[in-house]
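Participant:
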Amino acid sequence: MKSTIAKLVVGIVLMLGCSTDKVRDFIPGTYVNSAGGEFSIADDTLEVELIEGNNYVIHRRTGFNLITEGKLGKREYEVEVWKTIYNAEAQSLTETRKGKIISFFPDKNSLSIGRRTYKKIN
Numbered sequence: 247m248k249s250t251i252a253k254l255v256v257g258i259v260l261m262l263g264c265s266t267d268k269v270r271d272f273i274p275g276t277y278v279n280s281a282g283g284e285f286s287i288a289d290d291t292l293e294v295e296l297i298e299g300n301n302y303v304i305h306r307r308t309g310f311n312l313i314t315e316g317k318l319g320k321r322e323y324e325v326e327v328w329k330t331i332y333n334a335e336a337q338s339l340t341e342t343r344k345g346k347i348i349s350f351f352p353d354k355n356s357l358s359i360g361r362r363t364y365k366k367i368n
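Under the working numbering, read the sequence shown as residues 247 to 368, first letter to last.
1. Considering only C-alpha positions, which residue in the set Ile347, Leu318, Glu335, Gly309 is nearest to Arg361?
2. For Ile367, which residues of its own chain have a beta-carbon under 8 Å away from its beta-carbon, when the five flanking residues on both sides are left out?
3. Here's a check: name, in chain order, each residue in its chain whose Cβ is nearer than 8 Å to the Cβ of Arg195, leaving out the five neighbours to either side.
4. Run through the DSSP bridge pairs and tell me what Ile331 is partnered with.
5. If you draw a straight line from the C-alpha of Tyr332 to the C-alpha of Leu339, how long is it?
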């Protein structure tokens, strides 16, 4: 009888210890955003990948056109690599150089950085 109770207690402890983090599971993938204004139009792609533990890297690729005197300029490109750390309590990534907070919304299939929202495409 004691061994059955002990096994039951161990099973419950293991189940509680193995709880999944829905946000963390959602994070890796590719996200896109398009924006435009009076002076430019831009398309952003973020590729988020888990490196190890709580360490993630984000590859940001941006294509943009400047608008001068109402005319669209040639397409230009920028590439950045952001190192980030996952904060399990806040369920967000913090970019290590400038301190940007990247928030994830699995129910909306998106992430946000400040006021900018990106849709997950895979």
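Heads up, the beta-carbon is just placed ideally off N, CA and C, and yes, glycines get one too. All of these numbers come straight from a predicted model, not from anything done at the bench.
Facilitator: Working from what's here:
1. Ile347
2. Gly275, Thr276, Tyr277, Val278
3. One cannot answer for residue 195 here, as it falls past the ends of the chain, which runs 247 to 368.
4. Asn301, Thr340
5. 4 Å
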